[in-house]
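Numbering of the sequence shown is given in numbering that gives the first Met the number 0, commencing with residue 0 and proceeding in unit increments.
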Amino acid sequence: MILEQAGLNLSQTRILLFFDENENDSLTMGELARGLNISLSTLSRQLQQKKTQEIIDVVRSETDSSKLVCLNETGVFKASELKHLLTSIHNKIYALWSETETKDFLTHLDSIQTELNKETIQ
């Protein structure tokens, strides 16, 4: 639902939110891959997607052979739209749930994240 409304796939959503949380600082591809907890080859494939190329800038570093990645103007705008959409969904969900239901949901979400992190580390 979220991805369809935003017109993004999961990898694009993660890239947008990651850069938004990190003030759109330019990162090497290695730093970005580590930040997203994915391999460099996976990141490379994701950055080659046409729609992803529309939201990022990739430039060669002036100091070494690495490539630096950051959101371009379109990406910054898309990140803002995505955050607005997520806030709207968040507000709708929590308006319908009791405090207990909200706490239960967050507890389950935390346990899912913990399990996913365990799988990623292995």
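Note that beta-carbon positions come from the ideal geometry of N, C-alpha and C, so glycine has one too.
Residue i (DSSP reduced to helix, strand or coil)
i	result
I92	helix
L7	coil
T27	strand
Residue interval of the beta strand (DSSP E) (run including residue i)
i	result
I55	55-59
C-beta atoms of residue i and residue j nearer than 7 Å
i	j	result
L35	F17	yes
I55	V68	yes
L70	N23	yes
Y93	T99	no
Burial state of residue i (16 or more Cβ within 10 Å)
i	result
Q11	buried
Boundaries (first-last residue) of the alpha helix (DSSP H) holding residue i
i	result
S43	39-46
T51	49-52
* Are at least three pairs of beta-carbons, each pair with one atom in the region 71-80 and one in the region 30-48, less than 8 Å apart? -> no
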